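See structure below.
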Amino acid sequence: MRLRNSGFWAILCIACESIAQQATPAVPPTPIPSYSGCPVDGPVLPRPTNLSKSKHIRAVTENLSTALDSAIDGEAKAGWDVKNASFSLAFVSPHDDEFGAEGGQPLWEYHHLAEGNTKGTKSLNGDSQYLIGSISKLFSNLILLKSGLNLEDSVTKYLPELKNDSSPVRWENITLASLGEHLSGIPPNYNGFEFYFLAPLYEKLGFPHLSESDYDGCGIAGLSSSCTKEQLLNGMLEISPVSVPFSRPLYSQLSYTLFILAVSEATGKDYDQLLDELVIQPMGMKNTGASPGDDAKAVIPPGDTVSWGADFGINAPGGGLYSSINDLTLLANSVLDKTALENPDQVRKWLKPKSMSSSRSTLVGDPWEIQRTTNLTPDHPHTIDIYAKSGGSNGYVSQFSLVDQYGVGFLALTAGPPGSVSILNDALIGSLMPAIEQETRDQAQKYLGNFTSGAATSSELAKKQSEAPVTLALSMDDKPGLKLDALTRNGSSIIEGILTIFTQALPMTGILNPDFRLYPSEYEVPVPADDKDAYSNLPFDSEKGRKNLVREHWRINIDMVPQDNKRMSDLPAQGALVDICLSWQLADWVTYGGQGIDKVVFVLEEKSREVVGVEVPALRSGRLAKEG
């Protein structure tokens, strides 16, 4: 929502006069009764910590291990080829004192070496190597983001061979960013799925006969060798685009080869060097690289057509890496704790979607495959985003999934006949997410209760507070966030005040949802050392002095309830656009003396995260202390 300044002030002045003349707000249009609210995007409660010690997590992982044992032993229906499919599963989080990001160890892991996997490792563990297919794109994308290149540069700046007026693809309009985001419109492969040895099958199915000269000169399986850089770039001048740039996402392996060639040209380093210097060494990885890997550590599925040992050559950036559970744990934790790039803001930007598919539940990132779901926490349903990347190579299927809202990740690597990764990934994420939600809610209990001013201090501020006391009451129900039960100053309900302000001063915004809820903003600042007035009487360490305090900012979600058009109007198609979320437009919209009326600040001891007070800046409340 945006208003021109002149119109805004005219409306506001009229509204202010109306508020002064009326004791009660006007009756708004009838809201839709079934409206359940629109929580913020991101964490609805602070991310949980030390999940390895959670009774909820322990119970679920023990049950999951037992269920997997039963499936492997044949006591329960597995749904996949147990004898020939090996796998490794892991649950990870960097926010754990025992299993931190530096250790590269999952909070829970499970490994199964199938009896049919007779080659390669004889002891499957967190360091065992799998081909990870297109999960390789995460590594390549990190190389691009850490390269220092301007991502809005045209690819032709670094690969001038692509400048050609006769090329069907206007390469000068293709940026490095668009290649990483699958928004360039170019094909997914260059001869990547051309199979000369299948020509008889094609003809049998009705396709015309082709001679060898009808095929391109490189990259044709069963006919020619892999393309060199020169052959590939020459071929790029003849390919036809699938779509125009930036119109819709089109998954592309080819785009990753091209931007890595551009980075190599700019830096003078090949892919192996870039991978080692920008990702593997900084993260301390020991079992990741471009195929082929180490046979002695490899999980090699049965059969003669598997990809293990292959040299993917120029196509490695899009899908030719091997890795292990422990190395992928390092990668996952570096993203979750926002250290994968130069600063946390860059990581947060990396995680955001860049486009959308035709499905309301599937967004496309850089190169994330983002699934939006509301059924992972059935007792407390709300939208949860899974930032995932799937990968596949002959004989291997893998899944890398992060739920940044909770600071957790899930890894599933499989080797063998396809079909197992979907079942295992569902079991892993579907089992653990309700337990993670419950642990999150348990840890958030410290924010609940009744908070009051005055008694917290003995200074002049306390005297002022006692003249106009502020109270705050917070609880938790089955909905997301903290429920704001009461907020008063000097006996007046501030909740009713906010409702009145929005109803009369800002009627154009719609109907305010009276179910006020608090959500963390993820913004935190230290309490200055000289800010002792409200906190000087806390029982801190007498020898070391005052402990470090932080202010953790939360916001009341100003949520608008859609009106019931069907009851109000006989015009056609009423209610067709009811599924709209407006709360993202209204945070910090109304201020009082420069402070947002929706801001609530918890003061915590930095290390223990103990809540030592609450502040409501717009009310100039000072510290509110918990009763009892």
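Going by mature numbering (1 follows the signal peptide of the UniProt record, and there is no 0), the letters in the sequence shown line up with residues -25 to -1, 1 to 603, in that order. C-beta: ideal position from N, C-alpha, C; glycine also. Here the structure is a predicted model, which is why all the values come from computation and not from measurement.
- DSSP places G366 within a strand segment (E or B) once states are collapsed to three.
- The stretch 547 to 565 makes no contact with the stretch 386 to 405: fewer than 3 CB pairs, one atom from each, lie closer than 8 Å.
- K601 is bridged by DSSP to F426.
- By the neighbour-count definition (other C-beta atoms within 10 Å, threshold 16), R335 is an exposed residue.
- If you ignore the 5 residues before and after I214, its C-beta comes within less than 8 Å of the C-beta of P143, V144, I161, P162 and Y165, all in its own chain and listed in chain order.
- According to DSSP, residue pairing for S63 in a beta bridge involves H86 and L388.
- Buried is the label assigned to N92, since at least 16 other Cβ atoms lie within 10 Å of its Cβ.
- Under the 8 Å Cβ criterion, the stretch 283 to 294 counts as touching the stretch 261 to 268, having at least three qualifying pairs.
- Per DSSP, E50 has no beta-bridge partner at all.
- If you ignore the 5 residues before and after I404, its C-beta comes within less than 6 Å of the C-beta of F385, all in its own chain and listed in chain order.
- The stretch 114 to 134 makes no contact with the stretch 390 to 408: fewer than 3 CB pairs, one atom from each, lie closer than 8 Å.
- Membership of V445 in the beta strand (DSSP E) is indicated by the continuous run V445 to S450.
- Contact annotation, T349 with T358: C-beta distance approximately 6 Å; criterion of less than 8 Å satisfied.
- At a Cβ-Cβ threshold of 9 Å, W529 and L457 count as neighbours.
- In the assembly as shown, Q104 is a buried residue. Its beta-carbon has 16 or more other beta-carbons within 10 Å.
- Counted as a single uninterrupted DSSP element, the alpha helix (DSSP H) harbouring D417 occupies residues S395 to Q418.
- Taken in chain order, the whole alpha helix (DSSP H) runs of length 4 or more contained in the stretch 319 to 344 are 319 to 326.
- In the three-state scheme derived from DSSP, where H, G and I count as helix and E and B as strand, W146 is classed as helix.
- For I214, no pairing in a beta bridge is given by DSSP.
- Sixteen is the threshold: since fewer than 16 other Cβ atoms of the shown chains lie within 10 Å of the Cβ of L185, the residue is exposed.
- In the DSSP assignment, H528 is bridged to Y498 and V576.
- In this structure, the CA atom of D279 is about 24 Å from the CA atom of H86.
- Of the candidates R492, V67 and A46, the residue whose Cα lies closest to the Cα of F375 is V67.
- DSSP places A461 within a strand segment (E or B) once states are collapsed to three.
- In the DSSP annotation of this structure, the continuous segment of the beta strand (DSSP E) that includes I107 starts and ends at Y105 to G108.
- No Cβ-Cβ contact shorter than 9 Å links S40 with V274.
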